[in-house]
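All you need for this note's numbering is the position in the sequence shown, starting with 1, plus 9.
The C-beta atom is built at its ideal place from N, Cα and C for all residues, glycine as well.
As the structure is a prediction and not an experimental result, all values here were calculated from the model.
Following: one structure in structure tokens, then a few remarks.
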Amino acid sequence: MTPAPVISEAVKPPRSMVTVGVMPPAPSAYAGKSAGLSPDALLRHATDYGAWCQANAAKLKALEAFFWPQAKE
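Right under this line is the structure:
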């Protein structure tokens, strides 16, 4: 297991790498005035949530490359 890096003040990752994006609204926000989620609303929520997860995963990979550039995949 690779040890965690020691972060010095001179070597900090850009803030955009360490901030989590705005989470999409709750599924109920996609329902509007209906009693439940329609298939379309459910798919819109899943798409937005998936994009949010992928953006955060990309930031995590960028942080990994920033701190461990020699790491092999």
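In the structure shown, P36 falls within a helical segment according to DSSP collapsed to helix, strand and coil. In the structure shown, K42 falls within a coil segment according to DSSP collapsed to helix, strand and coil. Residue state for W61 is assigned as helix, using DSSP reduced to three classes. M26 is not a Cβ neighbour of F76, given a cutoff of 8 angstroms. CA-to-CA, the gap between G30 and P78 works out to about 24 angstroms.
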